[in-house]
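Quick notes on the structure that follows.
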Amino acid sequence: MEPNEKRKTPRNWLQQARESWKNRGNKRPPFAIEPKEGQRSVWDFPRPPITEKISKQILVNYQGKTIADSRDSLVVLETASPPTYYIPKCDIDMSALVKIPGKSSICEWKGNAIYFALKSMINRPVAWSYPIPFLEFSALKDHVAFYPQHLNCYIDREEVEAQASEFYAGWITSDLVGPFKGKPGTEHW
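Heads up: the sequence shown begins at 256 in this note's numbering, then just goes up one per residue.
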């Protein structure tokens, strides 16, 4: 190791990851779509992300069966990404889900995630949660987020469009403008 080279500790990794983001929601890039009245630009969302409580109905279905139905969810807003909705476990049919052994990831803002599949679709992650989130996101404890790529997801009866990604899981509604992070080449947004 070079004398001035820092060791890559978890603390250093988190700090480096958090500092690496250029877009932080304080200025829209020139390629951002200008929102019309009643719309929001994902480029105005902050980084680090924020969590807000919402009372809109959040509904998650699979093949006509309700997996989740809540009016007490949280939404995470982050620069360049469509919102991600976190539903309290008490509003989810947890018997429909199974934890995927050994599958996990880490978010520099929220912490270590675990993943779930549907019991009827065991080979594909459809949801995740942060069992012990970082302090700043402690509100996400006992909440689960769902991938709209694999399910039918609704906000106040509007079916959402899935963010273009197998990793990201933002929910796109008619009141949002992008472009949205998720397509190849946008990971750094």
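Just so it is clear, CB atoms sit at the ideal spot from N, CA and C, and this is done for glycine as well.
Every candidate alpha helix (DSSP H) stretch fails here, since none sits fully inside the region 337-390 while reaching 4 residues.
Fully contained in the region 383-442 is no alpha helix (DSSP H) run of length 4 or more. Glu363 sits away from Leu329, with the two beta carbons spaced by 8 Å or more. The C-beta distance from Asn378 to Tyr317 rounds to 14 Å, too long to fall under 8 Å, and the pair is not in contact.
Restricting attention to Ser384, Ser429 and Ile347, the CA atom closest to the CA of Ala323 is found in Ile347.
A residue is called buried once 16 or more other Cβ atoms fall within 10 Å of its Cβ, and Gly319, having fewer, is exposed. CA-to-CA, the gap between Lys436 and Ala382 works out to about 19 Å. In this structure, Tyr340 keeps its C-beta atom at 8 Å or more from the C-beta atom of Ile369. Taking a cut-off of 8 Å on C-beta distances, the region 286-297 does not touch the region 382-400, as fewer than three cross pairs fall below it.
Separation of Ile288 and Asp299 (C-alpha to C-alpha, rounded to the nearest whole angstrom) is 11 Å. Judged by DSSP in its simplified three-state form, Asp324 adopts strand. A straight-line Cα-Cα distance of about 33 Å links Gln404 and Asn267.
One alpha carbon belongs to Gly280, the other to Thr334, and they sit about 5 Å apart.
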